[in-house]
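Residue numbering for the sequence shown follows the working numbering, starting at 4 and increasing by one per position.
First up is the structure itself, then whatever we jot down about it.
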Amino acid sequence: MRMYQLYLIEDEFAAHYFGRERMFFELFLEHKWSTGRLKHITEMQIDYITKPLQTIKIHQLIQKQLGNIKGFQVESGAYTIEFNGKLSKAKLEIGDKRITVEASGSYEAETAFFEVLRKCESSFLAIDLEHERFGWLKPMKERKFV
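The structure is reproduced here in structure tokens:
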């Protein structure tokens with residue numbers, strides 16, 4: 004099973020750390036395993052670099068874009084998609100500061116969620132701490148200075 008945490012990164016940090024996403028990953032990983040004072044410090048750093056989610060906007064967009072797809076369900080505030088008879092399954096839950104996606108099977112179901120979210124905001128960062136995978140849902144183009 005794959006478990007993603009999606010955070011909306013403040014634009015200035017997203018632009019500044021473009022290409023160095025590993026630094027975000029290491030911060031979130033350190034937060035997961037830390038305790039005591041270090042846990043509090045990493046939590047404050049995460050709060051500083053992330054934006055609150057526009058939950059109503061995200062809920063509306065997901066329901067509008069995916070509501071008519073076969074295999075899409077809403078249950079207890081969570082969204083689920085199953086494709087090809089459970090060969091691809093994903094569940095999405097929306098919190099105040101992060102979105103959690105649990106997925107299994109092929110990548111088709113989670114990709115459907117990611118495609119909707121990337122249309123919503125440009126600086127969503129997806130992190131899979133267990134498998135050490137991370138990246139932008141909508142990669143920014145590198146700025147070229149003349």
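No residue lacks a Cβ here, since even glycine has one placed at the ideal position from N, Cα and C.
### Query
Any idea which residues DSSP pairs D131 with across the strands?
The residue given as residue 131 occupies position 128 in the sequence shown. Looking at the DSSP assignment, D131 forms a beta bridge with R136.
### Query
For R121, which residues of its own chain have a beta-carbon under 8 Å away from its beta-carbon, when the five flanking residues on both sides are left out?
As a first step, residue 121 is located in the sequence shown; it is residue number 118 there, counting from the start. Counting only Cβ-Cβ distances below 8 Å, and skipping sequence neighbours, we find F127, L140, K141.
### Task
Would you decide whether A81 is buried or exposed? Buried here means 16 or more other CB atoms lie within 10 Å of its CB.
Translated into positions along the sequence shown, residue 81 becomes position 78. A81 should be labelled exposed.
#### Entry: Given D99 as reference, the closest of M26, F16, K54 once Cα atoms are compared
Walking along the sequence shown from the start, residue 99 turns up at place 96. Answer by Cα proximity: K54.
### Task
Note the first and the last residue of the continuous alpha helix (DSSP H) segment covering E96.
Stepping through the sequence shown from its first residue, residue 96 is reached at position 93. It is not in any alpha helix (DSSP H) - E96 instead sits in the beta strand (DSSP E) that spans 91 to 97.
### Query
Is the CB-CB distance between E133 and M26 below 8 Å?
If you number the sequence shown from 1, residue 133 lands on position 130. If you number the sequence shown from 1, residue 26 lands on position 23. No. Outside cutoff.
### Query
Could you give the residue range of the alpha helix (DSSP H) that holds Y51?
One-based indexing of the sequence shown puts residue 51 at position 48. Looking at the DSSP string, the run of the alpha helix (DSSP H) that includes Y51 is 39 to 52.
### Message
Suppose you measure from the CA of E111 to the CA of S91; what does that come to, to the nearest Å?
### Response
By 1-based counting over the sequence shown, the position of residue 111 is 108. By 1-based counting over the sequence shown, the position of residue 91 is 88. So the alpha carbons of these two residues sit roughly 6 Å apart.
### Task
Spatial neighbours of E13 within its chain, please: CB distance less than 6 Å, with the 5 preceding and 5 following residues excluded, ordered by chain position.
Start at 1 with the first residue of the sequence shown, and residue 13 comes out as number 10. I52, K54, listed in sequence order.
### Message
If I follow the unbroken beta strand (DSSP E) through I102, where does it start and stop?
### Response
Indexing the sequence shown from 1 puts residue 102 at position 99. Unbroken beta strand (DSSP E) run through I102: 101 to 108.
### Environment of A17 [buried if 16+ CB atoms lie within 10 Å]
Taking the sequence shown and counting its residues from 1, one reaches residue 17 at position 14. By the 10 Å Cβ count, A17 comes out buried.
### Query
Looking only at its own chain, which residues have a Cβ that is under 6 Å from the Cβ of Q76, when we skip the five neighbours before and after it?
Translated into the one-based positions of the sequence shown, residue 76 becomes position 73. Result list for Q76: T83, in chain order.
### Message
Could you give the first and the last residue of the continuous alpha helix (DSSP H) run that contains F21?
### Response
Reading the sequence shown from its first residue, position 18 is the one you call residue 21. Run containing F21: none; DSSP gives neither H nor E here.
### Message
In the DSSP output, what is I84 paired with across the bridge?
### Response
Walking along the sequence shown from the start, residue 84 turns up at place 81. Answer by DSSP bridge pairing, in chain order: F75, A93.
### Message
For L9, list the residues DSSP reports as bridge partners.
### Response
In the sequence shown, residue 9 corresponds to position 6, counting from 1. DSSP, once it has assigned bridges, lists I102, A129 as partnering L9.
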